[in-house]
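In this text, residue positions in the sequence shown follow numbering that gives the first Met the number 0: the first is 0, and each later residue adds one. No residue lacks a Cβ here, since even glycine has one placed at the ideal position from N, Cα and C.
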Amino acid sequence: MPACRGGTGGYLEEMTGFHPQAEVSEYTIPEGCPACAADLPVRVSAKGPLAVCSHCHWIGRPVLTVTHKGLQVSVKASRA
């Protein structure tokens, strides 16, 4: 009986979120937290950026935009 995915090896990645070859970059944005203005650690992976403030515990997905002046980081307002 053939495997569900044809033996592509994607099962582990889909079920656990584990990406053995995924490249991850980590940055700290000085005074970047939109809630408390503390330094904001940001991790960027293949799934996009994720930020978690170690001071106030704000969690969000910042929007990263490359401009001619460098990297611009912004946060979209959430809807309730």
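Query: Mind checking which residues open and close the beta strand (DSSP E) that includes G47?; Result: G47 to V51
Query: Going by DSSP, what residues sit across from G69 in a beta bridge?; Result: T66
Query: Closer than 7 Å by C-beta to P61: which residues in its own chain qualify, once you throw out the five before and the five after it? Chain order, please.; Result: V41, P48, A50, V72, S73 and V74
Query: Could you check where the beta strand (DSSP E) with V43 kicks off and where it finishes?; Result: L39 to S44
Query: Excluding the 5 residues flanking T64 on each side, which residues of the same chain have their C-beta closer than 6 Å to its C-beta?; Result: Q71
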